[in-house]
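By numbering that gives the first Met the number 0, the letter at position 23 of the sequence shown is numbered 22, and the numbering carries on one by one without gaps.
Note that CB positions come from ideal geometry on N, CA and C, so glycine has one too.
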Amino acid sequence: MRMKKNSISIIVCFVAIIVIGQIGIANDTATNNFEGNYDSSLADVTGFNFVPDSNFINEAEIVINGTSDEFSSGYHQAANESDFSYMELTWEHEANTSLDFKNETDENLPDCNDFIYFYQDFDWLYNEWPPAANFSFSYATTLTGSFSEYPGNLMFRIYVWLIDSSGNWIRIYESRDATYTEIYQERRASLNYVEITNVWGGMVSLNGTPQEDPEDSVQIAVGLAPTWMFENYQETEPWTFYDGSVSFRIKTMKLWVYGDFVENPYPSSSTTTASTSTITTNTTIGPELPIDLIIVGVTGASIVTIAVIVYVRKYK
């Protein structure tokens, strides 16, 4: 009798394993099907580079903000096919030369009113904002004097802004965690939902209402600026004893904008296809189990259950 009970227990456990296995397979397959459909839908979303002159064939427009004479710029044009063009921004500081630091911080603008940047413009021809965008660029940095020794790399930052025609600055990159080397390195910044709406929202007219921005254009600005630590770092005033320079060179930059409505604005710019790493959402969609797998799982479990019942009745 004990043998029969043990046999029945083993078979019941076996049935449970079969049922759980079928459900697991169904879940895995459903998830894979869902991810596959998600990837394929994104494959139709095309991205274009909206930087008019990504490789700096021409010199970009330069702006020196503030009144300091410590900031300067340079431009190198490629001499041949093995060479490349680049823009250069330089901050050269002499000890005990003061700068105009702000009393209050701004999350989008530098801590100091004295800084330098260059920019390019692009036009936006669509009455909607894109679902995704990211900025990538390749740059190198040369540090001399006090800036070449720690904590000299904390005394400045490299920034990237998008500036709408209303004069709003939206910071999309700050070199807070960057490694500054003379070897060119690639950096990429993905714009979040708030940044996208802040940049493109003013160029969209909803329900016939006038748009906020006066023009459908945006400036892409890349800048070099001192940080508040240059004024006061650990109860010291680095600006009083620092001597040296920071030179920032950039040879290429691209602003990828994605959307099924976007057309290539510049024939010479590249094209890319969006992927799941480019477009992300905060919405979690629960996958539904495919009906054919559910039927197979239930049918298999039912057959095994009937076999168990027959076995029990036969040897009862």
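If you compare alpha carbons, which of the options is closest to residue i?
i      : options                           : result
Trp160 : Thr271, Ser53, Phe55 and Gly222   : Gly222
Pro129 : Gly201, Ile63, Phe117 and Ser174  : Gly201
Ala131 : Thr140, Thr143, Phe260 and Tyr265 : Phe260
Thr196 : Glu103, Arg175, Asn167 and Ala220 : Asn167
Glu338 : Glu91, Trp199, Thr208 and Asn107  : Residue 338 lies beyond the stretch modelled for the chain, which goes from 0 to 315, so this question has no answer here.
Ile63  : Ser53, Thr208 and Ala224          : Ala224
Glu69  : Gly46, Asp242 and Asn57           : Asp242
Asn133 : Glu173, Asn152 and Trp255         : Trp255
Asn79  : Tyr158, Tyr192 and Ile56          : Ile56
Ile182 : Ser67, Glu106, Ile115 and Ser246  : Ser246
Val50  : Ile219, Thr104, Phe146 and Ile169 : Ile219
Val217 : Glu234, Phe240 and Arg170         : Arg170
Ser135 : Thr141, Tyr172, Met154 and Ser147 : Tyr172
Glu194 : Gln119, Glu185 and Asp163         : Asp163
Gln119 : Phe100, Glu58, Phe240 and Leu153  : Glu58
Starting from residue i, follow its DSSP beta bridges and name the residues at the other end.
i      : result
Tyr125 : The partner list for Tyr125 (beta bridge, DSSP) is empty, contrary to what the question assumes.
Arg175 : Paired residue(s): none; Arg175 is not in a bridge.
Ile316 : Here the chain covers residues 0 to 315 and nothing more, so residue 316 does not appear.
Glu87  : Gly73 and Arg248
Tyr265 : None, per the DSSP bridge assignment.
Ser366 : This structure leaves residue 366 out entirely; the chain is present only between 0 and 315.
Thr271 : Gly46
Asp120 : Gln218
Phe100 : Cys111
Would you please state the rounded distance, in angstroms, between the beta carbons of residue i and residue j? I believe it to be under 8 Å.
i      : j      : result
Ser244 : Gly144 : 7 Å
Val44  : Gly207 : About 28 Å; that fails the 8 Å criterion.
Ile61  : Phe117 : 5 Å
Phe47  : Pro266 : No, Phe47 and Pro266 are not in contact; Cβ-Cβ is about 10 Å, not under 8 Å.
Leu98  : Ser67  : 6 Å
Phe155 : Trp90  : 7 Å
How about residue i: is its Cβ closer than 7 Å to a heavy atom in the ligand PLP?
i      : result
Asn191 : The model on display carries no ligand, and the ligand PLP is accordingly not part of it.
Tell me, please, whether the CB atom of residue i is closer than 8 Å to any CB atom in chain B?
i      : result
Asp110 : Considering every chain present, this structure includes no chain B. It has just one protein chain.
Q) With contact counted as at least three CB pairs below 8 Å, one residue from each stretch, are the stretch 74 to 90 and the stretch 241 to 250 in contact? A) These segments touch.
Q.
Report the start-end ranges of each alpha helix (DSSP H) in the stretch 189 to 247 that is 4 residues or longer and not cut off at the edges.
A. Qualifying alpha helix (DSSP H) stretches, in chain order: 192 to 199.
Q) Residue ranges of each beta strand (DSSP E) run of no fewer than 3 residues wholly in the stretch 137 to 184, ordered along the chain? A) As far as the stretch 137 to 184 is concerned, its whole beta strand (DSSP E) runs of at least 3 residues are 155 to 163 and 168 to 173.
Q.
Below 8 Å, how does it come out for the stretch 203 to 214 and the stretch 173 to 192: are there three or more Cβ pairs, yes or no?
A. These segments do not touch.
(Q) For the structure I just gave you, are there three or more beta carbon pairs, one from the stretch 223 to 235 and one from the stretch 106 to 113, closer than 8 Å? (A) Segments in contact, yes.
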